[in-house]
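Trainee:
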Amino acid sequence: MPQMMPMSWTLLFIMFSMTLIIIATTNYFTSTLKPKQTSKKALQKTPTNWKW
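Numbering (our numbering), first residue to last: 1452 to 1503.
(1) What did DSSP end up calling Trp-1501 once you bin it into helix, strand or coil?
(2) Look at the alpha carbon of Phe-1480 and the alpha carbon of Leu-1494, and state the distance between them as a whole number of angstroms.
(3) Do you know offhand how far Ser-1482's Cα is from Ile-1474's?
(4) Just how far apart, CA to CA, sit Thr-1476 and Leu-1462?
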C-alpha cells in the first residue's frame, strides 16, 4: 500500500470518476457542432449494363 492521505479507495475512485465525467461533458458541450445541411444532393444513378 502506498503512503497517501487517509482516504478510502472508493472515495478516490468516485473523485476520479466525477472528474472524468465533468471533463467529458464540458468537452462535449463546448465543441463546435457543424450544422446539418438542409439541401439534399440528388443522387447520380447511372444505368448499369450487365455483360455476361
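Just so you know, even glycine gets a beta-carbon here, dropped at the ideal spot from N, CA and C.
Mentor: Looking at the coordinates:
(1) Trp-1501: coil per DSSP, three-state reduction.
(2) Looking at the backbone, the Cα of Phe-1480 and that of Leu-1494 are separated by about 34 Å.
(3) Roughly 12 Å separates the two Cα atoms.
(4) Whole-angstrom Cα-Cα distance: 21 Å.
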